[in-house]
Amino acid sequence: MSKNKKTLLISLVLVVLMAFLPLFLVKDAEFGGSDDAGSQMVEEIRGEAYEPWFAPVLETALGGELPGEVESLLFCIQTGIGVGVIAYCFGYLVARKKYKRDDD
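At position 29 of the sequence shown the residue is numbered 47 (my numbering), and the sequence of numbers has no breaks.
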């Protein structure tokens, strides 16, 4: 087995272990979002409950909270657009370097 194949195999095993070990090692853990942690910190500092300054635009327009599926969809669309922009920039830089080398 070549050195590159060994490195690839070891890397894949490490990635799989990093992905699945926490599922078995971390028992009864509570994972909260940054919004919850921030509002709790404000409550500790000010001594009173945090009250948001405004309501989200879509929630006020629709008259209620968005369903979780719609929030996930909007997040995925936003992520896809961001990945597309980053991929375009990397592709542009690689192509610019390639065609600049061909002109010389």
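A virtual CB, placed ideally from N, CA and C, is assigned to each residue, including glycine.
Under the three-state DSSP convention, the category residue i falls into
i	result
Ala67	coil
Glu83	coil
Asp53	helix
Ser90	helix
Lys45	coil
Met19	coil
Pro40	helix
Between the CA atoms of residue j and residue i - distance to the nearest angstrom
i	j	result
Thr97	Leu91	10 angstroms
Gly100	Lys23	33 angstroms
Gly65	Met59	10 angstroms
Asp53	Tyr106	32 angstroms
Phe108	Ile63	44 angstroms
Asp46	Leu80	36 angstroms
Phe72	Val44	37 angstroms
Gly102	Cys94	12 angstroms
Val88	Pro74	14 angstroms
Distance CB(residue i)-CB(residue j) smaller than 8 angstroms
i	j	result
Glu83	Glu77	yes
Ala67	Glu61	yes
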